[in-house]
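Trainee:
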Amino acid sequence: MLERLTLKAAGGQAAAVMHEALLGKLGKERGKGEEAKEGKRSWRVLLIIILTGVLLGRAVILLELLPFVIPFLSVIHEWRRRYTLTAAAALIAGSATVSLDFAAYTLLAIFIYFLFYGFIKSTFKNRKLLPVTVLLSVTTARYISFMIMDGNSWYHLLTALVEGGLAMIVTLIFFQSIPLITEKRKRSSLRHEEIVCLVILLASLMTGTVGWMMYELSAEQIFARYVVLVFAFVGGAAIGSTVGVVTGLILSLANVANLFYMSLLAFSGLLGGLLREGKKISVALGLLISTLLMGMYGDNQVSMEFSVYESLIAIALFMLTPKKWTAELSRYIPGTSEHTEDQQKYLRKIRDLTAGKVEQFSNLFLSLSNSFTLQENGGGEAAREREVDLFLSRVTEKTCQTCMKKNQCWTRKFHETYGLMEELMIECEEGGEVNNRKLLQEWRDHCIIDERVVETMKGELNQHYASKVLKQQLQESRRLVADQLKGVSKVMEDFAKDIQREKKAHEKQESEITESIKQAGLDVVLVEVYSLESGNVDIDITLPSNLYNESEKIIAPLLSDILKETISVKHLEKLSETENDTRVTLGSTKKFVVTEGVAHAAKDGRLISGDSYSTLELGAGKYAIAISDGMGNGKRAHIESQETIALLKNILRSGIEETVAIKAINSILALRSNEEMFSTLDLAMVDLQEGLVKFLKVGSIPSYIKRGSQVQSIEAGNLPIGMIQDMELDVVTEKLKAGDLLIMMSDGLYESPSSIENKDIWMKRMIKEIETDEPQEIADLLMERVIRESGNAIYDDMTVVVIRMDHHLPKWATFSMPYQKDA
5 MLERLTLKAA GGQAAAVMHE ALLGKLGKER GKGEEAKEGK RSWRVLLIII
55 LTGVLLGRAV ILLELLPFVI PFLSVIHEWR RRYTLTAAAA LIAGSATVSL
105 DFAAYTLLAI FIYFLFYGFI KSTFKNRKLL PVTVLLSVTT ARYISFMIMD
155 GNSWYHLLTA LVEGGLAMIV TLIFFQSIPL ITEKRKRSSL RHEEIVCLVI
205 LLASLMTGTV GWMMYELSAE QIFARYVVLV FAFVGGAAIG STVGVVTGLI
255 LSLANVANLF YMSLLAFSGL LGGLLREGKK ISVALGLLIS TLLMGMYGDN
305 QVSMEFSVYE SLIAIALFML TPKKWTAELS RYIPGTSEHT EDQQKYLRKI
355 RDLTAGKVEQ FSNLFLSLSN SFTLQENGGG EAAREREVDL FLSRVTEKTC
405 QTCMKKNQCW TRKFHETYGL MEELMIECEE GGEVNNRKLL QEWRDHCIID
455 ERVVETMKGE LNQHYASKVL KQQLQESRRL VADQLKGVSK VMEDFAKDIQ
505 REKKAHEKQE SEITESIKQA GLDVVLVEVY SLESGNVDID ITLPSNLYNE
555 SEKIIAPLLS DILKETISVK HLEKLSETEN DTRVTLGSTK KFVVTEGVAH
605 AAKDGRLISG DSYSTLELGA GKYAIAISDG MGNGKRAHIE SQETIALLKN
655 ILRSGIEETV AIKAINSILA LRSNEEMFST LDLAMVDLQE GLVKFLKVGS
705 IPSYIKRGSQ VQSIEAGNLP IGMIQDMELD VVTEKLKAGD LLIMMSDGLY
755 ESPSSIENKD IWMKRMIKEI ETDEPQEIAD LLMERVIRES GNAIYDDMTV
805 VVIRMDHHLP KWATFSMPYQ KDA
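Per my numbering, the sequence shown runs over residues 5 to 827.
Following this line, the structure appears as structure tokens:
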């Protein structure tokens, strides 16, 4: 045994060592992969810094100023400090390609910058002072260089200050633009300020190419036109013209002769952006047309032939640019289709994640509901046998366990003993006593402690009944929780479906509606269709004017005829204070509207009534009418009925089905207190789209539907709320038509005339005799008639609610207009 344990321990140690070795190998391989990726990224960043440094070191403006050198060095020093020496060397090398004097100035400016940087950092310890550091460094270096070469003068001081101010502004620009070309962006959009900063950086780099000539063609002009083409193609006219102006302005600072090209680049960006719907060929054609126009009508500062050649080379580079590059750039430019699609993907992802989480919670609540409804024990005869066995075992434990004849009774005569005790238990359950003399005699002959067993059985039965009541309450509590969890699960499931709904494309319907409105003689700016679902239509229309209420008089009736359902104006909004443009929101109108009337009286004319009622719209075309009558009268009954109505309103507004809501209220009121506090509930759920009404009558008296001269009573046999814990609801559904009257009342109104035997017939006759169809008048007349029949006394709390169903009639009648319909 010891050897086996030793081998097992050794095997476990070997497995652990092997596991650690595998993890270490995987970690090393992963580390190597990350190191390779990081190394590739470092080489890319290093190459960009070297090229940028060389070009910015050559970027001379106004013939003698170098405002890009120190800003670039300061940004690299703050952003990637380990590349500082590389950036400094690249700047000096770039300046040396222009002249040795510029190289010497660059070296001096770098030295002074680090002196000022060390002093300000040690003194103030504030990184926000970096632009000020650049200003002082550039101004000092330029003024020293002027003093060495030409001596002291106020003009040199002013020039040094101008260069220092430009360098400070460029520093702020480079802090936003340089990371854009060296780092991989996490955010998928550029602000307009970032776009301008990026263009300034690109133009500054192009300034470094001034003087590069190839067959008398200027390199900076080729690159500038290429950049304008790319941005006009990606961002449109606004971005293209902005890039053209900024690029031309910076290039003109490097060479005054380039001032002519600013208008060319701006016009090319504008024209190319306007023609970008025709793809690359149209954008290129825009640049070519701009070049020819500016060459023909310009001041002939530049040869038209060379300018056309430069544009053609830029167009060739533009045509060779991979589509992948322009598509990637488009994702960062707001307003482009690629950027919008990228944003929509992100929003869809967030929406799907949210909907998925809601669905998971819905499934969780449903699983919890199912777990609460599982039966702990099996049902039927087997459960009954187990209960009998447990009961008899407790009785025998207190009686037979100490009896000297227990072996004889439970070993030799087991079946006889068990059968007699079971019969005794049944007798005690039915009458509380054993009245069967024959059974008692048989038990006396069988058992020597017969009376003790019977008395113990009676005591155990009392405990058994108490345990049974507690178990029933526990089961009802579980059922309440299960129903509520199921209701919440359904609400969350519907919510997840609502989240995943997208605005569908309705281009065809939008064009049909636009054409129909124009045929009706109205101008329309924009038609946006969000939903055409029956009963849930949602359309936005922008009109140039709504001074004469054309939206209600013409457009709503016209849409009603087209969509074959009643459409009305939901909202009006003026888009501008100075103009008449108006956005009109139109949507479905319910087929039916409800007019209500209520009459209410407390017992003996008191202020507090035990009846409570409520009428409320639940949305989605649902309308609820509820009357609750608490047990008795006065404040206690009022609190009971008010609580029932309040619970019902809150649960129905949450979206839970009405049957589940009523069962939940019943369980809450039944389990809340040991006192006998009951209340009735008369609920009618009206569908204003279909005209269907569901009656859920819990302990309430009949309701009545009056259609013309016919009166129909609605009844259901459900006990009052809180009386029993396990209730099954009887739901009655009826179809209402326009003009129908629905009368609901409490039992105080129905049962007050004690002299009348058949109250249902009497109430029908009284409703039938009422000639008016106004709900409030009917409620008042019924209340008055009942009080008169009761001898002008109010013997109980009385409430009556009357509603009338009517077709919704729009303010303006619909009319037919021909409209384009696809065959």
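In this text, a Cβ means the ideal position worked out from N, Cα and C, and glycines have one as well.
Quick caveat: nothing in here was measured; it's all calculated off a predicted structure.
#1: Mind checking whether S645 and S616 have CB atoms under 7 Å apart?
#2: What are the boundary residues of the alpha helix (DSSP H) that A783 is part of?
#3: Let me confirm a value: L785 is counted as buried when at least 16 other C-beta atoms fall within 10 Å, else exposed. Which label applies?
#4: Check this for me: beta carbons of V573 and L562, under 7 Å apart or not?
#5: DSSP beta-bridge partners for H81?
#6: Please go through the same chain and pick out, in chain order, the residues whose beta-carbon is closer than 7 Å to the beta-carbon of Y754, but skip the five residues on each side of it.
#7: Apply the 10 Å Cβ neighbour rule to L134 and answer buried if 16 or more other Cβ atoms are within range, or exposed otherwise.
#8: Which partner residues of T546 appear in the DSSP bridge assignment?
#9: To the nearest whole angstrom, what separates the beta carbons of E314 and Q225, a pair I think is in contact under 8 Å?
#10: Could you check which residue in L576, E309 and D527 has the C-alpha nearest to that of I543?
#11: Please classify V79 as buried or exposed, where buried requires at least 16 neighbouring CB atoms within 10 angstroms.
#12: Taking DSSP's pairing of strands, which residues face Q716 in a bridge?
#13: Between K29 and K327, what straight-line distance do the alpha-carbon atoms span, to the nearest angstrom?
#14: Can you name the start and end residues of the alpha helix (DSSP H) that V250 belongs to?
#15: If we ignore side chains and look at the alpha-carbon of each, how far apart do T163 and L269 end up?
#16: Just grab the DSSP bridge partners of T619 for me.
#17: Is E497 near R398, with beta carbons less than 7 Å apart?
#18: For K501, I'd like the list of residues in its chain whose CB is within less than 7 Å of its CB, leaving aside the five on either flank, ordered along the chain.
#19: Given a cut-off of 7 Å, decide if L687 and A603 are closer than it, judged by their beta-carbon atoms.
#20: For T406 and I660, I'd like the C-alpha separation in whole angstroms.
#21: What residue does the alpha helix (DSSP H) around A605 start on, and which one ends it?
#22: Counting pairs of Cβ atoms below 8 Å between the stretch 48-63 and the stretch 87-103, do you hit three or more?
#23: Does the distance from the CB of V806 to the CB of P779 come in under 7 Å?
#24: Let me confirm a value: D691 is counted as buried when at least 16 other C-beta atoms fall within 10 Å, else exposed. Which label applies?
#25: Tell me the DSSP secondary structure of L26 in three-state form.
#26: Strictly by DSSP, which residues pair up with T737?
#27: Does the Cβ-Cβ distance between D744 and R769 come in under 7 Å?
#28: Might you give, ordered along the chain, the residues of its own chain that have their beta carbon closer than 7 Å to the beta carbon of K739, omitting 5 neighbours on each side?
#29: Over what stretch of residues does the beta strand (DSSP E) that includes S759 continue unbroken?
#30: Under 8 Å: do the stretch 61-73 and the stretch 104-120 share three or more Cβ pairs, one atom per stretch?
#31: Below 7 Å between beta carbons: does that hold for H811 and A742?
#32: Taking the alpha helix (DSSP H) that K653 belongs to, which residues open and close that run?
#33: So what's T593 in DSSP terms, helix, strand or just coil?
#34: Using C-beta distances below 7 Å, list every residue in its chain close to E220, excluding the 5 sequence neighbours before and after it, in chain order.
#35: Count the other CB atoms, across all protein chains shown, that sit within 10 Å of the CB of T737; report buried if there are 16 or more and exposed otherwise.
#36: Looking at T143 and Y121, is the spacing between their C-beta atoms short of 7 Å?
Mentor: The answer reads as follows:
#1: Position 641 of the sequence shown, counted from the start, is the residue given in the question as residue 645. Position 612 of the sequence shown, counted from the start, is the residue given in the question as residue 616. Yes, the pair counts as a contact, with Cβ atoms nearer than the cut-off.
#2: As a first step, residue 783 is located in the sequence shown; it is residue number 779 there, counting from the start. Start and end: P779 to E793.
#3: Position 781 of the sequence shown, counting from 1, holds the residue named residue 785. Label assigned to L785: buried.
#4: If you number the sequence shown from 1, residue 573 lands on position 569. If you number the sequence shown from 1, residue 562 lands on position 558. Not closer than 7 Å, so no.
#5: Counted from its first residue, the sequence shown places residue 81 at position 77. H81 pairs with nothing; no bridge assigned.
#6: Here residue 754 refers to the residue found at position 750 of the sequence shown. Once the five neighbours on either side are set aside, the close Cβ partners of Y754 are I705, K763 and M767.
#7: Numbered from its first residue, the sequence shown carries residue 134 at position 130. Per the 10 Å Cβ criterion, buried.
#8: Translated into positions along the sequence shown, residue 546 becomes position 542. For T546, which the question treats as bridged, DSSP gives the partners L530 and R587.
#9: The sequence position of residue 314 within the sequence shown is 310, counting from 1. The sequence position of residue 225 within the sequence shown is 221, counting from 1. Sure, about 5 Å apart at Cβ, within 8 Å.
#10: Counted from its first residue, the sequence shown places residue 543 at position 539. Comparing Cα-Cα distances from I543 to each of L576, E309 and D527, the minimum goes to L576.
#11: Working through the sequence shown from its first residue, we reach residue 79 at position 75. It is buried - the Cβ of V79 has at least 16 other Cβ atoms within 10 Å.
#12: Sequence index remark: in the sequence shown, residue 716 carries index 712 (1-based). DSSP output for Q716 lists I709 as bridge partner(s).
#13: The residue labelled residue 29 in the question sits at position 25 within the sequence shown. The residue labelled residue 327 in the question sits at position 323 within the sequence shown. A caution first: K29 carries a pLDDT of 49, below 50, which makes its placement in the model too unreliable to give a value.
#14: Taking the first residue of the sequence shown as position 1, residue 250 is located at position 246. Unbroken alpha helix (DSSP H) run through V250: A241 to A258.
#15: As a position in the sequence shown, residue 163 is number 159, starting the count at 1. As a position in the sequence shown, residue 269 is number 265, starting the count at 1. So the two alpha carbons sit approximately 29 Å from each other.
#16: Here residue 619 is taken as the residue at index 615 of the sequence shown, counted from 1. Looking at the DSSP assignment, T619 forms a beta bridge with I629.
#17: In the sequence shown, counting from the first residue as 1, residue 497 sits at position 493. In the sequence shown, counting from the first residue as 1, residue 398 sits at position 394. No. Outside cutoff.
#18: Here residue 501 refers to the residue found at position 497 of the sequence shown. There are no such residues.
#19: Along the sequence shown, read from residue 1 onward, the residue named residue 603 stands at position 599. Along the sequence shown, read from residue 1 onward, the residue named residue 687 stands at position 683. No, the Cβ-Cβ distance between A603 and L687 is not below 7 Å.
#20: Start at 1 with the first residue of the sequence shown, and residue 406 comes out as number 402. Start at 1 with the first residue of the sequence shown, and residue 660 comes out as number 656. C-alpha separation (whole angstroms): 58 Å.
#21: Taking the first residue of the sequence shown as 1, we reach residue 605 at position 601. No alpha helix (DSSP H) contains A605, which is instead part of the beta strand (DSSP E) from F596 to A605.
#22: yes
#23: One-based indexing of the sequence shown puts residue 806 at position 802. One-based indexing of the sequence shown puts residue 779 at position 775. Taking 7 Å as the Cβ cut-off, V806 and P779 qualify as a contacting pair.
#24: For the purposes of this step, residue 691 is taken as residue 687 along the sequence shown, with counting starting at 1. Buried: at least 16 other Cβ atoms inside 10 Å.
#25: What you label residue 26 is simply residue 22 of the sequence shown in a count that begins at 1. In this prediction, L26 scores a pLDDT of 43, lower than 50, which makes its location untrustworthy; the coordinate-derived value is nonetheless stated afterwards. Helix at L26.
#26: Within the sequence shown, numbered from 1, the residue matching residue 737 stands at position 733. In the DSSP output, where bridge partners are listed per residue, T737 has K698.
#27: Against the sequence shown, residue 744 aligns to sequence position 740. Against the sequence shown, residue 769 aligns to sequence position 765. Cβ distance not < 7 Å, so D744 and R769 don't count as in contact.
#28: Counting from 1 along the sequence shown, the entry for residue 739 is found at position 735. So the qualifying residues of the chain are G695 and L696.
#29: Within the sequence shown, residue 759 is the residue found at index 755, counting from 1. Neither: S759 is in no beta strand (DSSP E) and is coded neither H nor E.
#30: yes
#31: Locating residue 811 in the sequence shown gives position 807, counting from the first residue. Locating residue 742 in the sequence shown gives position 738, counting from the first residue. In this structure, A742 lies closer than 7 Å to H811 by Cβ.
#32: Taking the first residue of the sequence shown as 1, we reach residue 653 at position 649. K653 -> alpha helix (DSSP H) spans G638 to R657.
#33: Taking the first residue of the sequence shown as position 1, residue 593 is located at position 589. If DSSP states are grouped into helix, strand and coil, T593 belongs with coil.
#34: The count along the sequence shown starts at 1 and reaches residue 220 at position 216. Cβ neighbours of E220 beyond the five flanking positions: F310.
#35: Sequence index remark: in the sequence shown, residue 737 carries index 733 (1-based). Result: exposed.
#36: Mapped onto the sequence shown, residue 121 falls at position 117. Mapped onto the sequence shown, residue 143 falls at position 139. Contact: no.
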